[in-house]
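Residue numbers (the numbering used here), protein chains in the order written: chain A, 397 to 521; chain B, 1120 to 1395.
Rendered as structure tokens:
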């Protein structure tokens, strides 16, 4: 009996931990700071970092490319930020013919940098 | 069981047939793709690359061409080409028609070495045959000699021959494989940009179509401030996509140039060229 009770307790603890784990980043992502947005802007416009401007029109970016969609209205194109994260992390996994580099999978950007880029892109109303 | 085997064989047969290298069929499909993308653009115009897609860049180019920036390179290349080697021979002795008006026939497959020979590599082979050291394959004197030889070939239709032999077809296939394979941290193939998105812009640069792209080389590139051969551009592309470049005389680049130029058969030589 005690063994079973211990097991339940253990499961509860894991659940609580899992809930905590999913809450922490959610809370962190819910309110990007001005510093996050500024960092994301730099990543998006710098050739040696994300260089998003090479292919996308982005408000505030000079000489944009036109290979990918215009990201001015990203809130309409991709309403959920988690989808934007998946696209930036590894779009070829979703669409094999895409020219979009797999920024996360190929370690071009860290997960934190990807979240900063998203914070910047979604800061445009 | 037997029926299944027969079905399997029947299915495998066309696959095997499709897998056999067929440069003529590839070329028809390749040129057909661009015709589909830009039905109004005549094939011969593809040699003008990015200038087909940007009126402002075209206007600037036409102004620049009143005094072509590769003019000095062509003159210098001619002087080098006409000079005698210490043994009394010259470059003309190494090529058919004295090396004049022959750029459209390169790259060639050399059955003796089993390797593709581009025009710059043929120039170096000529030097070695006459006891002289090889020149750098990317820029400098060799690019100037190349520029002169290409200038004498302007308007000649590209006519790259892929002999129907196993080694020649293997080199061609390797070049094709390279062209379509994704590489580098940014995960691009040559085709990602120059087949899928010709005429689109990467930042301020207009992507040239793969069709006709070799016809204007060597080029004077404003970004470089001097002449460069096609392998110099290959190296630059590899760096842009964060992929380790190959050696200028590598089999990889020879085969790529072979495939890429063969796809443009029938288009006129337009080099040397000027690009931003």
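In this text, a Cβ means the ideal position worked out from N, Cα and C, and glycines have one as well.
None of these values were measured; they are calculated from a predicted model.
(message) Assuming contact is defined by CB atoms lying nearer than 9 angstroms, are residue 1314 of chain B and residue 1329 of chain B in contact in what I supplied?
(response) yes
(request) Taking residue 497 of chain A as the query, report the chain B residues whose CB atoms sit under 8 angstroms from its CB, ordered along the chain. (result) 1304, 1305, 1306, 1307
(request) Please classify residue 509 of chain A: does DSSP put it in a helix, a strand, or coil? (result) helix
(message) If we require 4 or more residues per run, which alpha helix (DSSP H) segments fall completely within the region 422-504 of chain A?
(response) 430-441, 470-473, 477-490
(message) Could you tell me the alpha carbon to alpha carbon distance between residue 1473 of chain B and residue 1267 of chain B, rounded to whole angstroms?
(response) There is no way to answer for residue 1473 of chain B, as the model of chain B reaches only from 1120 to 1395.
(message) Using only the alpha-carbon positions, how far apart do residue 1382 of chain B and residue 1156 of chain B sit?
(response) 16 angstroms
(request) In the DSSP assignment, find the alpha helix (DSSP H) that holds residue 1373 of chain B and state where it starts and stops. (result) 1370-1381
(request) Leaving out five residues on either side along the sequence, give the residues of the same chain with a beta carbon under 8 angstroms from the beta carbon of residue 422 of chain A. (result) For residue 422 of chain A, the pLDDT reaches just 48, beneath the cut-off of 50, and the residue's location in the model is therefore unreliable, although a value from the coordinates is still provided. There are no such residues.
(message) Determine whether the beta carbon atoms of residue 1332 of chain B and residue 1225 of chain B lie at a separation below 9 angstroms.
(response) no
(request) Could you have a look at residue 521 of chain A and say whether DSSP puts it in helix, strand or coil? (result) In the structure shown, residue 521 of chain A falls within a coil segment according to DSSP collapsed to helix, strand and coil.
(message) I need the boundaries of the beta strand (DSSP E) containing residue 1393 of chain B, first residue and last residue.
(response) 1392-1394
(request) Within 10 angstroms of the Cβ of residue 1272 of chain B, are there 16 or more other Cβ atoms? Answer buried if so, exposed if not. (result) buried
(message) Quick check: the Cα distance between residue 1223 of chain B and residue 479 of chain A, rounded to an integer number of angstroms?
(response) 50 angstroms
(message) Taking its Cβ as the centre, do 16 or more other Cβ atoms sit within 10 Å of residue 1349 of chain B, making it buried, or is it exposed?
(response) buried
(request) Anything in chain A within Cβ reach of residue 1311 of chain B, meaning under 8 angstroms, just list it in chain order. (result) 495
(request) Report the residues of the region 458-470 of chain A with a CB closer than 8 angstroms to any CB of chain D, ordered along the chain. (result) Protein chains A and B are contained in the structure displayed, whereas chain D is not.
(message) Tell me which residue opens and which closes the alpha helix (DSSP H) that residue 1353 of chain B is part of.
(response) 1349-1359
(message) Is the separation between the beta-carbon of residue 1280 of chain B and that of residue 1388 of chain B shorter than 9 angstroms?
(response) With a cutoff of 9 angstroms on beta-carbon distance, residue 1280 of chain B and residue 1388 of chain B are scored as not near each other.
(message) So, under 8 angstroms CB-CB, residue 495 of chain A and residue 1316 of chain B are touching, yes? Tell me the CB distance rounded to an integer number of Å.
(response) 7 angstroms
(request) Would you tell me roughly how many angstroms separate the C-alpha atoms of residue 1335 of chain B and residue 1274 of chain B, rounded to the nearest one? (result) 11 angstroms
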